[in-house]
Every structure is written in structure tokens, then in C-alpha cells.
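Below is one structure, written out as C-alpha cells; comments come after it.
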Amino acid sequence: MTEETAFEPISKKLPHGGAANIRGEIVWRITREELEEMKGRVMSIFDEDD
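According to my numbering, the sequence shown is numbered sequentially starting from 10.
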């Protein structure tokens, strides 16, 4: 089994990000709303007019 195949189920369970422990149990996950909020904060740094 390749590394990519081994991690495929986790990536499908965490489509927007998060973390899993060594046993593959989800420790925390990022929701779509949290992801969009984080993107907005990062993009606002670059959108500021100096």
C-alpha cells in the first residue's frame, strides 16, 4: 500500500483540514465556515492599502 492510499480515507474525512492521531482517529477538524474565515483573515493582510 502506498503512502497516498494509506492517507486517502483521512483526507476524505477532513476535506477542509484538521488532525488525526497515529491510530487514524480524528483529533480535530476544520469546518468549511472556519476555513473561509481563516482565508478571509489571511487575504485581508494582503488587501490592505498602505
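We treat Cβ as the ideally placed atom computed from N, Cα and C, and that holds for glycine.
Predicted, not measured: the structure shown is a model, and the values here were computed from it.
For this session: Drop a sphere of 10 angstroms on the beta-carbon of residue 10, count the other beta-carbons inside from all chains shown, and report buried for 16 or more, exposed for fewer.
Result: Numbered from its first residue, the sequence shown carries residue 10 at position 1. Since pLDDT at residue 10 reaches only 44, below the 50 mark, its modelled position is unreliable, and the value read off the structure follows with that caveat. Exposed, by the Cβ-count rule.
Exercise. From this set, 24, 54, 46, 50, which residue's C-alpha is nearest residue 38's C-alpha?
Worked result: One-based indexing of the sequence shown puts residue 38 at position 29. The option with the nearest alpha carbon to residue 38 is 24.
Exercise. So, using beta-carbon positions, are residue 21 and residue 29 closer together than 9 angstroms?
Worked result: As a working note, residue 21 is residue 12 in the sequence shown. As a working note, residue 29 is residue 20 in the sequence shown. No; because the gap between Cβ atoms is not below 9 angstroms, this pair is not in contact.
Exercise. What is the DSSP secondary structure of residue 35, counted as helix, strand or coil?
Worked result: Numbered from its first residue, the sequence shown carries residue 35 at position 26. It is a strand residue.
Problem set entry | Strand pairing of residue 27, partner residues [DSSP] | By 1-based counting over the sequence shown, the position of residue 27 is 18. Bridge partners of residue 27: 38.
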